[in-house]
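Asker: Residue numbers for the sequence shown follow the working numbering, so the first one is 32 and each next one is one higher.
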Amino acid sequence: MDTLTDILTRSDEQIEEWFLGALNEAGAPLTELSAVVDCFARKGRLDKAEACAELLQDAFLARRIEEPLLALMRARAGWKNGDATFAAVCRQTLTAFYEKDEPAKLALANAGFDKPLKAGECLSRLAVLRRLKPGVLCYDKGWGVGVVKELDAFGRQVVIDFDARKGHRMALAYAGECLEIPGETHLLTLRHRDPAALEKMAWEQPGAVVKIAIASFGPLQVPRLQEIIGRYVLSADQWKKFWDAARKQLKDDLLVELPARTSEPIRLRATARAYDDAWFGRLAEERDMEQIVGSLDELGAAATLRSGPAAAGLRSTREPAVSLDGKRTAIVTERLSFVMRGCTPKQAGLKGRALLVASDFGLLEAGPFHEAVWPYLLSEAALMALPLLPARKLKPFLALLLKATGDTRVDRLLEIAVDFPYPVLSEIAEWLDRQGKGRRYLDKFKSLFAQGAETASVILWAAKNIDLAFDEGICSPDTLAGDVMSELEKDSSGERLKAKNQLRQCLGQNEWLTAVLERMDSLARREWVRRVKQSTAWPPADQRSVLARLIRLFPDVEDVVVAVESDAPVPAGRFTSLRSHEERRQQLAKIVNEDIPRNSKDIGVARSYGDLRENFEYKTAKEMQGILMRRKAELEVMLTQVRQTDFSNCSADVAGMGTSVTLRYADGHEAQIHILGEWDSMEAMGILSCQTKVAQILQGHKPGDRVMLPAEKGEEPCEIVAVSGLPEAIRAWALGSP
């Protein structure tokens with residue numbers, strides 16, 4: 032008897048003939064018949080796929096087999112993507128199919144067939160609704176994991192016990208759109224049934240857990256994978272240990288595509304790639320150099336390392352999992368030689384990857400390839416390739432360079448490496464340590480600090496290795512702290528911006544601040560804190576957080592934080608009091624941390640009530656979302672443009688911001704007003720904003736000057752009796768005292 036594999040290797044006409052014959056037999060093999068339809072669809076023979084699908088659908092209807100029927104309809108909907116009438120056809124067919132099944136009719140009525148949706152979307156919603164039964168596990172992106180409690184046919188709702196909300200009622204139409212029903216092997220199902228067993232599996236078989244996550248959620252970038260593992264499997268602080276172990280297992284798994292860049296997703300293959308004659312034939316015809324190197328990287332990943340020293344010293348030979356006979360070896364050698372000859376100077380990284388592939392397969396001394404390798408290894412281009420290589424390629428490439436050129440290249444490597452991105456520079460430093468050459472880079476870094484020529488990457492290296500940097504005398508705590516602030520205050524982009532963000536993170540760590548500032552004398556520490564206070568390197572909210580942390584760690588700098596020395600000039604710009612600035616910051620924090628999340632939850636609840644066109648709660652929540660987003664944007668801009676001050680350094684020679692002005696009116700009575708910043712106002716205390724009309728009229732006037740100030744009826748003359756600094760009570764108010 033012919034197997035399905037045998038059948039699918041025949042011509043299209045023979046396959047179709049077998050299909051028709053099998054379909055007419057009693058007890059027709061429906062699984063095999065479905066495979067024939069899939070085969071035609073994959074080949075692009077949609078005419079034959081559609082003809083067979085119509086016949087097979089009739090068989091499913093006759094036998095009343097629901098799940099295969101819905102799956103076949105979804106496949107047909109994919110072929111008929113532009114056919115708007117197919118949804119109506121599906122609805123008519125399913126209405127007859129569910130004629131005596133009330134729960135199924137309820138699901139069909141809420142699957143969206145009455146709306147302008149494509150057939151595939153409606154069928155997907157129907158498949159979800161048909162599986163909603165008490166006890167079934169479900170997943171919603173907003174609410175998380177839940178268990179179906181009951182179906183309310185009268186109210187057209189499903190009741191779900193979510194972890195964060197028990198007994199939540201959700202309209203069936205919304206449930207079909209937003210819910211997912213995880214399968215038996217889905218990560219969420221495994222977690223729901225036995226979280227302890229899943230955690231144990233994560234430590235014993237981390238690679239398998241990653242594969243389960245990808246099979247459950249689709250191709251995943253590493254940050255998204257980290258989010259899923261941290262939410263459903265392990266705690267966030269266990270990620271690094273888990274991922275290090277998982278990556279070791281995954282790199283040798285032929286069913287996993289592990290990308291070189293974290294911006295690309297990890298994928299699962301349906302079957303392991305076959306490196307047969309056809310694969311090598313395609314490689315021989317390939318002209319895209321990036322594709323050639325990528326394919327050979329895959330071939331190398333499918334091989335196993337052979338222990339023992341390499342015969343030529345430079346080789347890291349592999350014993351391939353496939354046979355590399357003379358013909359195949361010739362193809363690999365010729366393709367690598369093609370890449371080495373064809374790479375332009377801008378493709379130094381690609382040439383470096385090709386060289387490493389050649390090393391993996393012991394081909395460095397192959398005739399034509401050998402002629403291209405050695406000039407490249409001795410050139411500047413080989414050194415410049417380092418920041419262009421994937422991180423996992425750095426160590427083997429450095430080892431190759433050292434073996435090929437010896438110590439003569441180390442000094443030149445360090446000269447240019449200090450301008451490399453920090454991850455590359457750090458990798459080079461670690462590699463030199465392992466080679467017993469750590470003194471070389473330490474002396475280089477020390478020389479750079481001594482000359483004031485340290486780069487952003489070197490500063491970040493010192494910030495991340497402060498004990499080594501200080502113990503070796505590479506830089507002083509004062510110098511490092513000052514350099515960090517200088518980098519934060521520079522406009523940056525690309526890799527330098529990444530280094531800047533990591534330096535900013537250092538200032539958010541108590542351990543780092545303590546390790547650096549404790550080594551500084553009191554005067555130097557106070558001066559550095561003053562610089563932090565006056566810096567424009569970060570948003571005001573972040574700056575306040577750092578200053579508060581500094582006060583907790585070093586109480587002796589509190590007076591520096593809350594006041595600026597009188598001889599320090601106030602830079603031109605827009606200012607307000609610490610009190611008003613903090614009030615605006617708290618308003619922003621409340622909007623971001625409380626109001627917006629609450630509004631998002633309200634929108635989700637309102638959506639679950641059903642038809643959005645007549646849903647008052649949904650419209651109200653969406654309007655509030657717009658208001659909150661606009662207010663958030665306004666506050667962010669305001670806090671960026673207006674800086675805080677305590678007015679202690681404002682001149683009292685003339686009226687203006689930070690002064691108290693005594694006025695004498697025409698009837699002889701006197702009044703004192705206090706002019707503060709843009710957002711400051713307290714009528715009971717006589718506090719005016721510098722933006723008010725009165726403050727702007729008084730601006731720049733001296734005692735004895737006469738001015739016309741606004742009154743209830745027009746204007747009235749006033750004489751400025753005195754201009755002075757702010758009284759202590761007003762200053763205390765500005766600092767936030769009750």
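C-beta: ideal position from N, C-alpha, C; glycine also.
Please identify the residue among Cys153, Cys749, Ile704 whose C-alpha is closest to the C-alpha of Ser755.
Answerer: For Ser755, the nearest C-alpha among the options comes from Ile704.
Asker: So that I know if they touch, is there some Cβ in chain D lying closer than 9 Å to that of Trp462?
Answerer: Absent from the structure is chain D; it holds one protein chain and no more.
Asker: Specify whether the segment 650 to 662 and the segment 617 to 633 touch according to this definition: at least 3 beta carbon pairs, one from each stretch, less than 8 Å apart.
Answerer: Segments in contact, yes.
Asker: For Gly151, collect the residues of the same chain with a Cβ closer than 7 Å to its Cβ; drop the 5 residues on either side in sequence, then sort them by chain order.
Answerer: Here the set comprises Arg105, Ala108, Gly109.
Asker: Sort Ala228, Glu208, Lys282, Leu299 by Cα distance to Ala244 and report the nearest one.
Answerer: Residue Leu299 is the option with its Cα nearest to Ala244.
Asker: Look at Leu499 and Leu479 and say whether their C-beta atoms are less than 9 Å apart.
Answerer: No, they are not a contact pair.
Asker: Along the chain, where does the alpha helix (DSSP H) that runs through Thr545 open and close?
Answerer: Note, Thr545: alpha helix (DSSP H), 541 to 548.
Asker: Are Leu163 and Ile212 close, meaning C-beta to C-beta below 9 Å?
Answerer: Yes. Within cutoff.
Asker: Alpha carbon to alpha carbon, how far is Asp773 from Cys153?
Answerer: Because the chain spans 32 through 769 in this model, residue 773 falls outside it and cannot be assessed.
Asker: Val761 and Leu707: beta carbons closer than 9 Å?
Answerer: For the record, residue 761 in the displayed sequence is Ile; it is not Val. Yes.
Asker: Quick one, which of Gln722, Gly469, His199 has its alpha-carbon nearest Arg638's?
Answerer: Ranking the options by Cα distance to Arg638, first place goes to His199.
Asker: With three or more beta-carbon pairs closer than 8 Å as the criterion, would you say the segment 574 to 581 touches the segment 523 to 541?
Answerer: Touching, yes, given that three or more Cβ pairs across the two stretches are closer than 8 Å.
Asker: Determine which residues share a DSSP beta bridge with Thr693 and list them.
Answerer: Per DSSP, Gln703, Ala753.
Asker: Report the start-end ranges of each alpha helix (DSSP H) in the segment 412 to 490 that is 4 residues or longer and not cut off at the edges.
Answerer: Taking only runs of at least 4 residues, the alpha helix (DSSP H) segments lying wholly in the segment 412 to 490 are 422 to 436, 441 to 448, 453 to 465, 469 to 482.
Asker: Can you check DSSP and say which residues form a bridge with Met713?
Answerer: According to DSSP, Met713 bridges with Ile718.
Asker: Exposed or buried, which one is Val668 when buried takes at least 16 other CB atoms within 10 Å?
Answerer: The residue in question, Val668, is exposed, as its Cβ has fewer than 16 Cβ neighbours within 10 Å.
Asker: With C-beta atoms as the reference, is Gly331 less than 9 Å away from Phe392?
Answerer: In contact: Gly331 and Phe392 (Cβ atoms closer than 9 Å).
Asker: From Arg562, Ile505, Gly483, Leu609, pick the residue whose C-alpha is nearest to that of Met516; which is it?
Answerer: It is Arg562.
Asker: According to DSSP, is Gly800 part of a helix, a strand, or is it coil?
Answerer: Residue 800 is absent from the structure shown; the chain starts at 32 and stops at 769.
Asker: What is the C-beta distance between Asn141 and Leu125, in whole angstroms, given that I count them as a contact (C-beta under 8 Å)?
Answerer: The Cβ separation is near 13 Å, so there is no contact.
Asker: How should Asp514 be labelled, buried or exposed, when 16 other C-beta atoms within 10 angstroms of its C-beta is the threshold for buried?
Answerer: Classification of Asp514: buried, given that the 10 Å Cβ count is 16 or more.
Asker: Can you tell me which of the three DSSP states Glu295 falls into?
Answerer: In the structure shown, Glu295 sits in coil (DSSP, three-state: anything other than H, G, I, E or B).
Asker: Taking Trp764 as the reference, which of Asp711, Leu694, Ser42 has the closest Cα?
Answerer: The shortest C-alpha separation from Trp764 is found at Asp711.
Asker: Pull up the DSSP beta-bridge partners for Pro741, would you.
Answerer: DSSP lists Glu746 as partners of Pro741.
Asker: Taking Val692 as the reference, which of Gly504, Leu87, Pro734 has the closest Cα?
Answerer: When each option's Cα is compared against that of Val692, the closest is Pro734.
Asker: Could you give the first and the last residue of the continuous beta strand (DSSP E) run that contains Val240?
Answerer: Where Val240 is concerned, there is no enclosing beta strand (DSSP E), although the alpha helix (DSSP H) it sits in stretches over 237 to 248.
Asker: Terminal residues of the continuous alpha helix (DSSP H) containing Gly708?
Answerer: Run containing Gly708: none; DSSP gives neither H nor E here.
Asker: Helix, strand or coil, according to DSSP, for Thr607 in the structure here?
Answerer: If DSSP states are grouped into helix, strand and coil, Thr607 belongs with the strands.
Asker: Between Thr690 and Leu757, is the Cβ-Cβ spacing less than 9 Å?
Answerer: Closer than 9 Å, so yes.
Asker: Taking Cβ positions, are Leu425 and Leu444 nearer each other than 9 Å?
Answerer: No, they are not a contact pair.
Asker: Is it buried or exposed, Gln188, if we count other Cβ atoms within 10 angstroms and call 16 or more buried?
Answerer: Under this definition Gln188 is a buried residue.
Asker: CA-CA distance, Glu714 and Lys564?
Answerer: Rounded to whole angstroms, Glu714 to Lys564 spans 30 Å at the Cα level.
Asker: Kindly identify the DSSP beta-bridge partner or partners of Arg674.
Answerer: Note: Arg674 sits in a beta bridge opposite Phe606.
Asker: Let me confirm a value: Lys279 is counted as buried when at least 16 other C-beta atoms fall within 10 Å, else exposed. Which label applies?
Answerer: Per the 10 Å Cβ criterion, exposed.
Asker: How far does the alpha helix (DSSP H) with Val68 in it extend, from its first residue to its last?
Answerer: 61 to 73 is the span of the alpha helix (DSSP H), which, as asked, contains Val68.
Asker: For Lys744, does the count of other Cβ atoms within 10 angstroms reach 16, so buried, or fall short, so exposed?
Answerer: When all chains shown are included, Lys744 counts as exposed.
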